[in-house]
Amino acid sequence: MDAAIKAILIAEGSAEIDLELLGSPSALASKSTAGPGAGVASFFFESCGHRVRLDAVKDPEALLKVRRLSLHQPSQGAADVGVHAVDAPQSQQEEGWKGDVKAYNSLSLSKPPATSATTISAIQSPIEPVSKGSRSETDEVAIFYGGRELVRGRIEPALIHCPGQAYITMSESCVFDCAFCPVPRLAGRTKSTEEIVEMVDCAYRTGELRAVAITSGIERSPEEEVTRACAVVKSLTKYNVPIGVSVYPTSDSSLRLRAAGAVEVKYNVETMDRGIFERACADMDLDFVLASLEEAVAIFGRNRVFSNFIIGLGESDETVKSGVRELAGLGVIPILRALNFHPLRPDLKNTCPDARRPDANRLLRLAQFEREVLDAHGLRADVSETMCLPCGGCDLVPHRDV
Ligand code: SF4
Numbered sequence: 113m114d115a116a117i118k119a120i121l122i123a124e125g126s127a128e129i130d131l132e133l134l135g136s137p138s139a140l141a142s143k144s145t146a147g148p149g150a151g152v153a154s155f156f157f158e159s160c161g162h163r164v165r166l167d168a169v170k171d172p173e174a175l176l177k178v179r180r181l182s183l184h185q186p187s188q189g190a191a192d193v194g195v196h197a198v199d200a201p202q203s204q205q206e207e208g209w210k211g212d213v214k215a216y217n218s219l220s221l222s223k224p225p226a227t228s229a230t231t232i233s234a235i236q237s238p239i240e241p242v243s244k245g246s247r248s249e250t251d252e253v254a255i256f257y258g259g260r261e262l263v264r265g266r267i268e269p270a271l272i273h274c275p276g277q278a279y280i281t282m283s284e285s286c287v288f289d290c291a292f293c294p295v296p297r298l299a300g301r302t303k304s305t306e307e308i309v310e311m312v313d314c315a316y317r318t319g320e321l322r323a324v325a326i327t328s329g330i331e332r333s334p335e336e337e338v339t340r341a342c343a344v345v346k347s348l349t350k351y352n353v354p355i356g357v358s359v360y361p362t363s364d365s366s367l368r369l370r371a372a373g374a375v376e377v378k379y380n381v382e383t384m385d386r387g388i389f390e391r392a393c394a395d396m397d398l399d400f401v402l403a404s405l406e407e408a409v410a411i412f413g414r415n416r417v418f419s420n421f422i423i424g425l426g427e428s429d430e431t432v433k434s435g436v437r438e439l440a441g442l443g444v445i446p447i448l449r450a451l452n453f454h455p456l457r458p459d460l461k462n463t464c465p466d467a468r469r470p471d472a473n474r475l476l477r478l479a480q481f482e483r484e485v486l487d488a489h490g491l492r493a494d495v496s497e498t499m500c501l502p503c504g505g506c507d508l509v510p511h512r513d514v
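Letter by letter, the sequence shown follows residues 113 to 514 in my numbering.
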């Protein structure tokens with residue numbers, strides 16, 4: 113999987129997958145409890161060191177479909193055994209192909225085998241029927257895009273929320289009401305410190321725990337969440353893994369979280385379009401978040417402070433670019449996150465009438481731009497140890513993917 117393919121997968125966002133391919137769904141599928149993806153079952157796909165998270169859907173009409181390969185399935189491009197050559201994407205479009213032709217064509221230019229890719233009908237005959245307990249035969253799966261093979265890789269197990277990390281939401285409710293976020297509508301519960309320690313302990317005993325990440329909605333106040341996060345972090349330092357925290361900042365949150373033992377923080381700007389911010393994030397203060405990010409860099413250091421920046425709320429590319437420059441100028445690494453339409457937020461279109469999930473080319477273009485800006489500021493997105501940058505499931509990560 114290269115950046116162009118990952119961009120297509122992120123832009124689509126979901127794939128039809130047989131739950132049995134996930135082995136034990138409770139062990140392998142992740143259900144996010146925070147942020148715009150909260151409440152949605154998903155899985156991780158890994159290929160050539162790159163990872164993507166996709167929502168798991170049962171929709172037979174889904175453009176992306178995941179299929180297990182048998183041991184005998186020839187590799188992509190070896191179009192001699194059981195593999196059908198297919199037409200160029202343009203002709204598929206004429207025949208009603210619904211994929212992103214522009215993005216697919218850019219793949220064809222750089223990856224000649226894509227024009228002789230396996231079709232889903234070709235792969236279904238040699239494929240072994242998927243049955244429980246047959247995972248040992250091969251872990252390799254292929255993702256098909258509109259019926260043609262796009263990429264091969266494997267389903268990757270999550271630890272808690274994502275691979276290698278215990279990424280835990282403290283409060284699954286929020287008194288803020290950002291227009292794109294389902295958490296205020298989920299009105300979930302708040303975990304105790306003891307409960308969180310128990311979860312991390314279970315993850316630690318697998319031998320797979322490389323980092324802990326703590327995030328939260330706002331049950332009553334940002335100050336209370338920071339106090340809760342500090343207590344949680346202090347209780348988890350005994351595991352001797354890096355701990356990152358993502359909360360809404362307070363006047364002293366960076367000082368307190370650093371003193372508690374956190375090594376990285378994420379304070380989300382959500383958007384750098386001030387008009388959209390005022391409408392979509394009316395309970396938040398963008399200037400305060402930016403000032404808190406700047407202070408966080410002074411306390412945690414460069415490459416240790418991050419901020420989610422949603423792409424698709426109706427902002428222009430120019431606004432994204434100036435926002436990326438502004439954040440990088442503060443020493444902050446922006447995480448460009450494709451807008452997720454959540455069924456609990458049908459009202460988003462009222463607040464942001466131009467909202468739409470970005471296509472693959474926009475995602476790729478903006479990620480490449482961010483990479484250039486980070487390089488110009490001497491920042492590296494691949495040295496972070498916690499939260500979304502080392503996971504990379506939802507975004508094209510500079511220095512990892514582009
Ligand atoms: S990138 Fe962040 S939000 Fe997405 S799966 Fe990974 S840890 Fe979760």
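All C-beta atoms, glycine included, are put in the ideal place defined by N, C-alpha and C. Predicted model only: the values in this text are computed from it and were never measured.
The beta carbons of R264 and V253 sit closer together than 9 Å. Taking 8 Å as the cut-off, one finds at least one heavy atom of the ligand SF4 near enough to the beta carbon of G504.
Taking C-beta atoms under 8 Å as the contact rule, L501 and V509 qualify, at a distance of about 6 Å. E376 is classed as buried because its beta carbon has at least 16 other beta carbons within 10 Å across all chains shown.
The beta carbons of L425 and A467 sit about 5 Å from each other, so the pair counts as a contact at 8 Å. Of the heavy atoms belonging to the ligand SF4, at least one sits nearer than 8 Å to the Cβ of M499. Proximity of the beta carbon of Y316 to the ligand SF4 is not indicated: no heavy atom of the ligand is located closer than 8 Å. At least one heavy atom of the ligand SF4 is found less than 8 Å from the C-beta of D507. In its chain, beyond the 5 residues on either side, N473 have a beta carbon closer than 7 Å to the beta carbon of K214. Note on geometry: alpha-carbon atoms of E406 and C342 lie some 20 Å from one another. Counting only runs of 4 or more residues that sit fully inside the segment 416 to 453, the alpha helix (DSSP H) segments are 429 to 441, in chain order. If you check the CB distance, A323 and V345 do not come in under 9 Å. According to the DSSP secondary-structure assignment, E252 is paired through a beta bridge with R266.
By the criterion of a C-beta distance shorter than 6 Å, G356 is surrounded in its chain by A325, E376, T498 and M499, once the five residues flanking it on both sides are discounted.
Approximately 14 Å separates the beta-carbon atoms of G435 and F418; this is outside 8 Å, ruling out the contact. When secondary structure is reduced to three states using DSSP, I308 falls in the helix class. Taking a cut-off of 8 Å on C-beta distances, the segment 440 to 457 touches the segment 484 to 492, as three or more cross pairs fall below it.
Judged by DSSP in its simplified three-state form, A119 adopts helix. Apart from the 5 residues on each side of it in sequence, P470 sits with its Cβ closer than 6 Å to the Cβ of I423, G424 and A450 in its chain, given in chain order. For A153, no alpha helix (DSSP H) encloses it; the enclosing beta strand (DSSP E) starts and ends at A153 to S159.
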